[in-house]
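Colleague:
2 protein chains.
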Amino acid sequence: MTAAPVTSNTQTLDFVALVELLEQIFIRHGTSADVAKTLALNCAGAERDGAHSHGVFRIPGYVSTLNSGWVDGQAVPVVEDVASGFVRVDAANGFAQPALSAARALLVEKARSAGIAVLAIRNSHHFAALWPDVEPFAYEGLVALSVVNSMTCVVPHGADRPLFGTNPIAFAAPRAGGDPIVFDLATSAIAHGDVQIAARKGQRLPAGMGVDSLGQPTEDPKAILEGGALLPFGGHKGSALSMMVELLAAALTGGNFSFEFDWSNHPGAKTPWTGQLLIVIDPSKSAGQDFAQRSEELVRQMHGVGLKRLPGDRRHQQRAKSAAEGIALEAEVLANLRELANP
Amino acid sequence: MTAAPVTSNTQTLDFVALVELLEQIFIRHGTSADVAKTLALNCAGAERDGAHSHGVFRIPGYVSTLNSGWVDGQAVPVVEDVASGFVRVDAANGFAQPALSAARALLVEKARSAGIAVLAIRNSHHFAALWPDVEPFAYEGLVALSVVNSMTCVVPHGADRPLFGTNPIAFAAPRAGGDPIVFDLATSAIAHGDVQIAARKGQRLPAGMGVDSLGQPTEDPKAILEGGALLPFGGHKGSALSMMVELLAAALTGGNFSFEFDWSNHPGAKTPWTGQLLIVIDPSKSAGQDFAQRSEELVRQMHGVGLKRLPGDRRHQQRAKSAAEGIALEAEVLANLRELANP
Chain A
44 MTAAPVTSNT
54 QTLDFVALVE
64 LLEQIFIRHG
74 TSADVAKTLA
84 LNCAGAERDG
94 AHSHGVFRIP
104 GYVSTLNSGW
114 VDGQAVPVVE
124 DVASGFVRVD
134 AANGFAQPAL
144 SAARALLVEK
154 ARSAGIAVLA
164 IRNSHHFAAL
174 WPDVEPFAYE
184 GLVALSVVNS
194 MTCVVPHGAD
204 RPLFGTNPIA
214 FAAPRAGGDP
224 IVFDLATSAI
234 AHGDVQIAAR
244 KGQRLPAGMG
254 VDSLGQPTED
264 PKAILEGGAL
274 LPFGGHKGSA
284 LSMMVELLAA
294 ALTGGNFSFE
304 FDWSNHPGAK
314 TPWTGQLLIV
324 IDPSKSAGQD
334 FAQRSEELVR
344 QMHGVGLKRL
354 PGDRRHQQRA
364 KSAAEGIALE
374 AEVLANLREL
384 ANP
Chain B
44 MTAAPVTSNT
54 QTLDFVALVE
64 LLEQIFIRHG
74 TSADVAKTLA
84 LNCAGAERDG
94 AHSHGVFRIP
104 GYVSTLNSGW
114 VDGQAVPVVE
124 DVASGFVRVD
134 AANGFAQPAL
144 SAARALLVEK
154 ARSAGIAVLA
164 IRNSHHFAAL
174 WPDVEPFAYE
184 GLVALSVVNS
194 MTCVVPHGAD
204 RPLFGTNPIA
214 FAAPRAGGDP
224 IVFDLATSAI
234 AHGDVQIAAR
244 KGQRLPAGMG
254 VDSLGQPTED
264 PKAILEGGAL
274 LPFGGHKGSA
284 LSMMVELLAA
294 ALTGGNFSFE
304 FDWSNHPGAK
314 TPWTGQLLIV
324 IDPSKSAGQD
334 FAQRSEELVR
344 QMHGVGLKRL
354 PGDRRHQQRA
364 KSAAEGIALE
374 AEVLANLREL
384 ANP
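Protein sequence lines correspond, in order, to chains A and B. Counting from 44, one number per residue, gives the positions in the first sequence under this note's numbering. Counting from 44, one number per residue, gives the positions in the second sequence under this note's numbering.
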């Protein structure tokens, strides 16, 4: 995530107004009302929480993708109840978030009954942050883990050419004394959205993030985007985790690997057509003290050894700020959104 | 893992003979026959596969721990069938591997029936590699993930002092064309066993692995072991994963966090008294093509972009070599083992 630029030319609007504006944009570009609502809440939530690389910055990509016919904005997900702990969803070439919404109640019911449950989403397009998919489970007292694969742009450690996606892992756990513990980490050294933002701003990247089209290390975000590729975070370990994400989010769901889809006939398409896996655990089945009390104790000890900020803290603080002051958008960005809503 | 030193003073013995020798050592130091068998197979398997930091190198630590009265070598694990996808085990202050063995059949039955199942082991001591716990599931066609927390020796990213353990994550998945895909990675920048081996050999470590007792970066393994600490791999991302391991392996099992146990009254104790979590998924519940065929396709593509070696390959190659040529041990190491078996 990148801090929003502070300019005098900023306008604020409240969360509900931003959601409505984004809904209008989605509907105007061919999605159903349900899909528009789900995506608008997701995208406005990211903007509100300061996760700008997954906020309104993504709207032009959604629009060009819908215009290209690559994704079905009207898709109705098909939920399959496979076993006492296993739910599948065929997203029907639609977005992943409506597929999760359609299966969510069944998934929670199974997790509370079986103690653990898995949701395997396939034939889906995920173009958003992953933490909004797991955080709500933690507010319901559940522990959630999710992985999603994306599109070939990461060179496996020890290989020469890209194969994996940025393949994020997100985790959320309830906590007695405050907001849940939530993280969302790309298994690439940097998120693709952050490379795009750096390129747009003309900023250089730190070393070790990516390679150019010749496979040589580069700090130029444009060189990465134009024929280059990203590296995994943490060398062979991050690479192993990225491989695991391919296996869980694609092989185990029946979705595409990050290298399997071909959007060349859909200019403007930006959304990876892959799969997503969620695992939800009910910690009330655990032995010993209440889980949320235990996670609070861990947080207390983390602060005790000098940790200033927990994963997720910045988002929760920005959320509170946005609730109090509204969501600040550059005037030009807001004007563009309004134009997309009323062309 | 560190390569075995090649010396002229090496003796070989076969796997069965090594297992028997280690069994004798465990029994002589107070374990039950069942516990001895389980630990001997585990430790000899690591040595056979070239995972020397978890092979016979660990035997003196097991022995001093048993002698200290810190762990109960006679413990009988108590298996609790909690829900259709949830098994708990109280390891009763014994080792983690016998607890897994005791619950394994029930865990597999639940995973095949519910599609996913979780095993929460608490009150347990894990002093071995983690991949031997997950790999056998993959040979049975199942996907397995495990985490175990250890003892305070890793400084959370952004903190000043250590709190987390080395907290490994291990994963195994079946593969149609060969041995399973298996990895086992410490969320610390380096495994504790490898620091100990480097210290014993007088070798320096690469930069970024740890800090000394003053919290300053050091490449001296002894400075890390004597009051210093390790760093997480991959900065804030590895640190977040290490925190997740604490939550899953301790808070969710009812086990101790890495910072919670006190072995000061047990000089010689080396084994962390914590918890372990395993998640097992039955990929036959997945949509689409057979999982093992899909993972084989991923492997094929990984080789296609220039990857020479998969995670786990080196172990499987060394396993075949050991089967053909026997397991090579330094004569002095073997003599010490024989003395421990027949004191």
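Idealized CB from N, CA, C, for every residue including glycine.
#1: Is the segment 118–128 of chain A close to the segment 97–110 of chain A, with three or more CB pairs under 8 Å?
#2: Quick check: the segment 132–151 of chain A against the segment 318–330 of chain A, are at least 3 beta-carbon pairs closer than 8 Å?
#3: Given a cut-off of 9 Å, decide if Leu-273 (chain B) and Met-287 (chain B) are closer than it, judged by their beta-carbon atoms.
#4: Should Ser-307 (chain B) be labelled buried (16 or more other beta-carbon atoms within 10 Å of its own) or exposed?
#5: Three-state secondary structure (DSSP) at Leu-377 (chain A)?
#6: When you compare the CB of Ala-146 (chain A) with every CB in chain B, is at least one pair closer than 9 Å?
#7: Do you know offhand how far Phe-304 (chain B)'s Cα is from Val-348 (chain A)'s?
#8: Under 7 Å, CB to CB, which of the residues in the segment 229–243 of chain B have a partner in chain D?
#9: Any beta-carbon of chain B closer than 9 Å to the one on Arg-381 (chain A)?
#10: Between Arg-218 (chain A) and Val-342 (chain A), which are expected to be in contact by the criterion C-beta below 8 Å, what is the C-beta distance as a whole number of angstroms?
#11: Just checking my contact of Leu-65 (chain B) with Ala-89 (chain B) at CB under 8 Å: how many whole Å lie between their CB atoms?
#12: Among residues of its own chain, excluding the 5 on either side of Ala-374 (chain B), which ones have a beta-carbon nearer than 8 Å to its beta-carbon?
#13: In this structure, how does DSSP classify Arg-110 (chain B) when only helix, strand and coil are distinguished?
#14: Are the C-beta of Gln-360 (chain A) and some C-beta of chain B separated by less than 9 Å?
#15: Assess, as a yes-or-no matter, whether the segment 195–203 of chain B is touched by the segment 213–227 of chain B under the definition of 3 or more beta carbon pairs within less than 8 Å.
#16: Work out the CA separation of Ala-172 (chain B) and Ile-212 (chain B) for me, nearest whole Å.
#17: What does the alpha-carbon distance come out to for the pair Leu-228 (chain B) and Leu-353 (chain B)?
#18: My parser needs the alpha helix (DSSP H) runs of 4 or more residues fully inside the segment 303–378 of chain A; what are they?
#19: Give the straight-line distance between the Cα atoms of Gly-112 (chain A) and Thr-74 (chain A), rounded to the nearest whole angstrom.
#20: Evaluate Ile-370 (chain A) with the Cβ neighbour count: other Cβ atoms within 10 Å of its Cβ, from every protein chain shown; 16 or more gives buried, anything less gives exposed.
#21: Can the beta-carbon of Thr-261 (chain A) be found less than 9 Å from the beta-carbon of His-235 (chain A)?
#22: In this structure, does DSSP put His-168 (chain A) in helix, strand or coil?
#23: Under a three-way DSSP split, which group does Gln-259 (chain B) fall into?
#24: Taking just the CA atoms, how far does Glu-152 (chain B) sit from Ala-118 (chain A)?
#25: Does the beta carbon of Gly-137 (chain A) sit closer than 9 Å to a beta carbon anywhere in chain B?
#26: Examine the Cβ distances between the segment 358–372 of chain A and the segment 235–247 of chain A and report whether three or more of them are shorter than 8 Å.
#27: Any beta-carbon of chain A closer than 9 Å to the one on Gln-259 (chain B)?
#28: Could you check if His-301 (chain B) is buried or exposed, using at least 16 other CB atoms within 10 Å of its CB as the buried criterion?
#29: Pro-326 (chain A) versus chain B: which residues are under 8 Å apart at the beta carbon?
#30: Rounded to a whole number of angstroms, what is the C-alpha to C-alpha distance between Asp-255 (chain B) and Lys-265 (chain B)?
#31: Report the residue from B:Ser-167, B:Lys-328, B:Asp-115 and B:Ile-164 whose alpha carbon sits nearest the alpha carbon of Ser-156 (chain B).
#32: By a C-beta neighbour count over all protein chains shown, 10 Å radius and 16 as the cutoff for buried, is Val-59 (chain B) buried or exposed?
#33: Look at Ala-292 (chain A) and Asn-192 (chain A) and say whether their C-beta atoms are less than 9 Å apart.
#34: Roughly how many angstroms lie between the CA atoms of Lys-364 (chain B) and Val-190 (chain B), to the nearest whole one?
#35: Which residues, in order along the segment 160–180 of chain A, keep a beta-carbon less than 8 Å from a beta-carbon of chain B?
#36: Any Cβ of chain A within less than 9 Å of the Cβ of Gln-54 (chain B)?
Modeller: If we stick to the structure as given:
#1: By the C-beta criterion, the segment 118–128 of chain A is judged not to be in contact with the segment 97–110 of chain A, since fewer than 3 inter-stretch pairs fall below 8 Å.
#2: The answer is yes - the segment 132–151 of chain A touches the segment 318–330 of chain A, with three or more Cβ pairs under 8 Å.
#3: By one-based count along the second sequence, residue 287 (chain B) stands at place 244. By one-based count along the second sequence, residue 273 (chain B) stands at place 230. No, these two residues do not count as a Cβ contact at 9 Å.
#4: On the second sequence, residue 307 (chain B) is found 264 positions in, with the first residue counted as 1. With fewer than 16 Cβ atoms within 10 Å of its Cβ, Ser-307 (chain B) is classed as exposed.
#5: Reading the first sequence from its first residue, position 334 is the one you call residue 377 (chain A). Annotated three-state conformation of Leu-377 (chain A) is helix, per DSSP.
#6: The count along the first sequence starts at 1 and reaches residue 146 (chain A) at position 103. Contacts with chain B at 9 Å (Cβ-Cβ) do not include Ala-146 (chain A).
#7: For this step, residue 304 (chain B) is matched to residue 261 along the second sequence. For this step, residue 348 (chain A) is matched to residue 305 along the first sequence. Their Cα atoms are separated by approximately 17 Å.
#8: Judged by its chain identifiers, the structure shown contains no chain D, and its protein chains are A and B.
#9: To locate residue 381 (chain A), count along the first sequence from 1; it is residue 338. No, Arg-381 (chain A) does not count as interfacial toward chain B.
#10: For the purposes of this step, residue 218 (chain A) is taken as the residue at position 175 of the first sequence. For the purposes of this step, residue 342 (chain A) is taken as the residue at position 299 of the first sequence. 6 Å between Cβ atoms; contact.
#11: To locate residue 65 (chain B), count along the second sequence from 1; it is residue 22. To locate residue 89 (chain B), count along the second sequence from 1; it is residue 46. With 8 Å as the limit, Leu-65 (chain B) and Ala-89 (chain B) do not qualify as a contact, their Cβ atoms being about 11 Å apart.
#12: Along the second sequence, one-based indexing puts residue 374 (chain B) at 331. For Ala-374 (chain B), where only same-chain residues beyond five positions count, the Cβ hits under 8 Å are Asn-52, Thr-53 and Gln-54.
#13: For the purposes of this step, residue 110 (chain B) is taken as the residue at position 67 of the second sequence. Residue 110 (chain B) is actually Asn in this sequence, not Arg. In the displayed model, Asn-110 (chain B) falls within a helix according to three-state DSSP.
#14: The sequence position of residue 360 (chain A) within the first sequence is 317, counting from 1. For Gln-360 (chain A), the closest Cβ of chain B is not nearer than 9 Å.
#15: No, because fewer than three Cβ pairs between the segment 213–227 of chain B and the segment 195–203 of chain B fall closer than 8 Å, the two stretches do not touch.
#16: Along the second sequence, read from residue 1 onward, the residue named residue 212 (chain B) stands at position 169. Along the second sequence, read from residue 1 onward, the residue named residue 172 (chain B) stands at position 129. Note on geometry: alpha-carbon atoms of Ile-212 (chain B) and Ala-172 (chain B) lie some 10 Å from one another.
#17: Translated into the one-based positions of the second sequence, residue 228 (chain B) becomes position 185. Translated into the one-based positions of the second sequence, residue 353 (chain B) becomes position 310. Using only the alpha carbons, I get a separation of about 14 Å.
#18: The qualifying runs are 334–347 and 356–368.
#19: Working through the first sequence from its first residue, we reach residue 112 (chain A) at position 69. Working through the first sequence from its first residue, we reach residue 74 (chain A) at position 31. Going by C-alpha positions, Gly-112 (chain A) is about 11 Å away from Thr-74 (chain A).
#20: As a working note, residue 370 (chain A) is residue 327 in the first sequence. Classification for Ile-370 (chain A): buried.
#21: Sequence index remark: in the first sequence, residue 261 (chain A) carries index 218 (1-based). Sequence index remark: in the first sequence, residue 235 (chain A) carries index 192 (1-based). The answer is no: Cβ separation not under 9 Å.
#22: Mapped onto the first sequence, residue 168 (chain A) falls at position 125. It is a strand residue.
#23: One-based indexing of the second sequence puts residue 259 (chain B) at position 216. Note: Gln-259 (chain B) maps to coil in three-state DSSP.
#24: As a position in the first sequence, residue 118 (chain A) is number 75, starting the count at 1. As a position in the second sequence, residue 152 (chain B) is number 109, starting the count at 1. Approximately 36 Å between the Cα atoms of the pair.
#25: Here residue 137 (chain A) refers to the residue found at position 94 of the first sequence. Any Cβ of chain B closer than 9 Å to the Cβ of Gly-137 (chain A) would place that residue at the interface, and such an atom is absent.
#26: No, the segment 358–372 of chain A is not in contact with the segment 235–247 of chain A.
#27: By one-based count along the second sequence, residue 259 (chain B) stands at place 216. Output row for Gln-259 (chain B): interface = no.
#28: Against the second sequence, residue 301 (chain B) aligns to sequence position 258. Residue identity differs from the one stated: residue 301 (chain B) is Ser in this sequence, not His. With 16 or more Cβ atoms within 10 Å of its Cβ, Ser-301 (chain B) is classed as buried.
#29: Numbered from 1 along the first sequence, position 283 holds the residue referred to as residue 326 (chain A). In chain order: Ala-294 and Leu-295.
#30: Position 212 of the second sequence holds residue 255 (chain B). Position 222 of the second sequence holds residue 265 (chain B). One C-alpha to the other measures close to 9 Å.
#31: As a working note, residue 156 (chain B) is residue 113 in the second sequence. Minimum Cα distance to Ser-156 (chain B) is reached at B:Lys-328.
#32: Residue numbering aside, residue 59 (chain B) sits at position 16 when the second sequence is read from its first letter. Classification of Val-59 (chain B): exposed, given that the 10 Å Cβ count is below 16.
#33: Counted from its first residue, the first sequence places residue 292 (chain A) at position 249. Counted from its first residue, the first sequence places residue 192 (chain A) at position 149. Yes.
#34: Residue mapping note: residue 364 (chain B) aligns to position 321 of the second sequence, counting from 1. Residue mapping note: residue 190 (chain B) aligns to position 147 of the second sequence, counting from 1. Each residue's alpha carbon lies about 29 Å from the other.
#35: Only those residues of the segment 160–180 of chain A whose C-beta falls short of 8 Å from the nearest C-beta of chain B are listed: Ala-160, Val-161, Ala-163 and Arg-165.
#36: The residue given as residue 54 (chain B) occupies position 11 in the second sequence. Output row for Gln-54 (chain B): interface = no.
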